[in-house]
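K.L.:
To convert, take the position in the sequence shown, counting from 1, and add 3; that gives the working numbering.
Next up is a structure, given as structure tokens.
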Amino acid sequence: MTQLRNRIKCSFYNIIEALCRNLDIAMLKSPCFKGKAVFGPVKSRRLGYSLGINTMKCKMCTYDCVYCQVGQTSCRTTCRESCLGSYELYCVVRKKLELLQAQNIPIDYITFMPNGEPTLNANLAKDISLLREFGYKIAVLTNSSVIWNDKVQEDLMFADYVSIKIDTVNEGTWQTINRPHSRLRFQTILDGIERFSKSYQGILTTETMLVKDINDSLQEVEAIGTFLKKIKRNKSYFAIPTRPPIESYAVPPDSHVLSQISDFITNNILDSEILFASVEDMFYGAGEIENELLAVLSAQPMREEAVKNFITSKGGGIHTLRPMIESGEILLIPFNGNSFYSIAPSYS
Ligand code: SF4
4 MTQLRNRIKC SFYNIIEALC RNLDIAMLKS PCFKGKAVFG PVKSRRLGYS
54 LGINTMKCKM CTYDCVYCQV GQTSCRTTCR ESCLGSYELY CVVRKKLELL
104 QAQNIPIDYI TFMPNGEPTL NANLAKDISL LREFGYKIAV LTNSSVIWND
154 KVQEDLMFAD YVSIKIDTVN EGTWQTINRP HSRLRFQTIL DGIERFSKSY
204 QGILTTETML VKDINDSLQE VEAIGTFLKK IKRNKSYFAI PTRPPIESYA
254 VPPDSHVLSQ ISDFITNNIL DSEILFASVE DMFYGAGEIE NELLAVLSAQ
304 PMREEAVKNF ITSKGGGIHT LRPMIESGEI LLIPFNGNSF YSIAPSYS
């Protein structure tokens, strides 16, 4: 009798597992995920060659930052969800790594940098544990808005490198620049950051985006500097918008303001680095050109020259780009004297 019950239980589990797997595979083939789950590697100033992981099927975030480069938040939430099964992600990454290795394309980090907030992924710890098997270091770039949640902290402990966003320590400015979900509490986030920094054993960095007339006063930067003294971190980066933002007013501070801020940071904030100069974009890919391009653009707009270089390196040309432009899938957007290709909002 017990044996029969165990056999029934086992068959039931197998059916459920097969159903879930088919659902995941169907999801991966759906236009939402098509080629998007793994992208790059993208050359990054902080992480070198970074293979991007994007497990979100739409732009799901706790914030709707004015400078966001991946478009308006279509799903502003604080609830954690699993959009893609860990095993399916593992299979897609394995396939991608095989292609990249065959083409001698280097990788320094596998980085969770979706078009949204990576800690909203309820599978994060499991995903990291599985991907670790490939032998690469794992990074998570989070906006830190749910870092007060113990489960999120536990998940982040699995990563080798965590970058947290601290654009301000002033609640009014936070509302203006990050436009948070109404359930979030600012002080709880700051306390969560402090607590996490004291227990995390990997490399912890912070990132502050400075936007003209929002958080570019010396008082703002001074207050951030005071908060940074309270947390255990390896480095703090200060950046400015260098890609087309969602709000046209989210532009870099004026040059004289940037120069004052630079002096202040250099002289007062230990272990900090200023990333005000824009660098050339570079990215790679080993699969179909169109899919690779769409996947990268889902996570960040890329300079026109970088897109052209990528397409040429893959044997493509203007004929590759034209249908994507004509169908409205990608757009060419001017920003700060440069032109960027970006994914159209309806496709992100
Ligand atoms: S910048 Fe990051 S945190 Fe802000 S809305 Fe965009 S994805 Fe979310």
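Ideal Cβ placement from N, Cα and C applies to all residues, glycine included.
Can you tell me which residues fall inside 5 angstroms of the ligand SF4, judged by beta-carbon distance to its nearest heavy atom, and keep chain order?
P.N.:
The set, ordered by position in the chain, is C64, Y66, C68, C71, N146.
K.L.:
Is V95 helix, strand or coil when you go by DSSP?
P.N.:
Helix, per DSSP.
K.L.:
To which residues of the same chain is P34 closer than 8 angstroms at the C-beta, ignoring the five residues directly before and after it?
P.N.:
The predicted model places P34 with a pLDDT of 45, which falls under 50 and marks its position as unreliable; any figure quoted below should be read in that light. If we look at P34 and ignore the five residues flanking it on each side, it has no Cβ neighbours.
K.L.:
Taking DSSP's pairing of strands, which residues face T211 in a bridge?
P.N.:
BP columns for T211 point to F241.
K.L.:
Report yes or no: do three or more beta-carbon pairs, one from the stretch 49 to 65 and one from the stretch 76 to 83, lie closer than 8 angstroms?
P.N.:
The answer is yes - the stretch 76 to 83 touches the stretch 49 to 65, with three or more Cβ pairs under 8 angstroms.
K.L.:
Kindly indicate which residue of S301, T191, V96 has the alpha-carbon position closest to the one of E174.
P.N.:
The shortest Cα separation from E174 among S301, T191, V96 belongs to T191.
K.L.:
Does L31 come out as helix, strand or coil in the three-state DSSP assignment?
P.N.:
Caution applies to L31, whose pLDDT of 48 falls short of 50 and renders its modelled position unreliable; the value that the coordinates give is listed next. Looking at L31 - three-state DSSP - the assignment turns out to be helix.
K.L.:
Counting pairs of Cβ atoms below 8 angstroms between the stretch 181 to 190 and the stretch 137 to 145, do you hit three or more?
P.N.:
No, because fewer than three Cβ pairs between the stretch 181 to 190 and the stretch 137 to 145 fall closer than 8 angstroms, the two stretches do not touch.
K.L.:
Just mark L231 as buried or exposed, buried being the case when its beta carbon has 16 or more other beta carbons within 10 Å.
P.N.:
That one is buried.
K.L.:
Within the chosen definition, does the stretch 211 to 219 reach the stretch 240 to 247 through at least 3 CB pairs nearer than 8 angstroms?
P.N.:
The answer is yes - the stretch 240 to 247 touches the stretch 211 to 219, with three or more Cβ pairs under 8 angstroms.
K.L.:
Buried or exposed, going by whether 16 or more other CB atoms sit within 10 Å of the CB of K168?
P.N.:
So K168 counts as buried.
K.L.:
Mind checking which residues open and close the beta strand (DSSP E) that includes A142?
P.N.:
140 to 145 is the span of the beta strand (DSSP E), which, as asked, contains A142.
K.L.:
Tell me, to the nearest whole angstrom, how far the beta carbon of S342 is from that of I336; I am working on the premise that it is less than 8 angstroms.
P.N.:
Going by Cβ atoms, the distance from S342 to I336 rounds to 7 angstroms, so yes, they are a contact pair.
K.L.:
Once you ignore the five residues that flank S281 on each side, which residues in its own chain have a CB closer than 7 angstroms to its CB?
P.N.:
Correct list, in chain order: T245.
K.L.:
Just verifying my parser: in three-state terms, what is the DSSP assignment at F343?
P.N.:
Reduced to three states, the DSSP call for F343 is strand.
K.L.:
Do the stretch 100 to 119 and the stretch 43 to 55 meet, that is, are 3 or more Cβ pairs less than 8 angstroms apart?
P.N.:
Short answer: they touch.
K.L.:
Could you check how far apart the C-beta atoms of D158 and L127 are, in whole angstroms? I think they sit under 8 angstroms.
P.N.:
4 angstroms between Cβ atoms; contact.
K.L.:
Locate the alpha helix (DSSP H) running through S77, then write down its first and last residues.
P.N.:
Unbroken run through S77: none, as it is neither H nor E.
K.L.:
Taking the beta carbon of L300 as the centre, do at least 16 other beta carbons fall within 10 Å, making it buried, or is it exposed?
P.N.:
L300 comes out buried.
K.L.:
Buried or exposed, going by whether 16 or more other CB atoms sit within 10 Å of the CB of Y252?
P.N.:
That one is exposed.
K.L.:
Starting from V299, follow the alpha helix (DSSP H) in both directions and report where the run begins and ends.
P.N.:
Looking at the DSSP string, the run of the alpha helix (DSSP H) that includes V299 is 292 to 302.
K.L.:
Do I268 and S262 come within 8 angstroms of each other at the CB atom, strictly closer than that value?
P.N.:
In this structure, I268 does not lie closer than 8 angstroms to S262 by Cβ.
K.L.:
For the alpha helix (DSSP H) containing K317, name the first residue and the last one.
P.N.:
It is not in any alpha helix (DSSP H) - K317 carries neither H nor E in the DSSP assignment.
K.L.:
Using the C-alpha atoms, what's the distance from E250 back to W151?
P.N.:
Using only the alpha carbons, I get a separation of about 28 angstroms.
K.L.:
Under three-state DSSP, which class holds M327?
P.N.:
Three-state DSSP puts M327 in a helix.
K.L.:
With A125 and R83 assumed to form a contact (beta carbons below 8 angstroms), what rounded beta-carbon distance in angstroms separates them?
P.N.:
Correct: roughly 4 angstroms between the Cβ atoms.
K.L.:
Run through the DSSP bridge pairs and tell me what E157 is partnered with.
P.N.:
For E157, which the question treats as bridged, DSSP gives no partner whatsoever.
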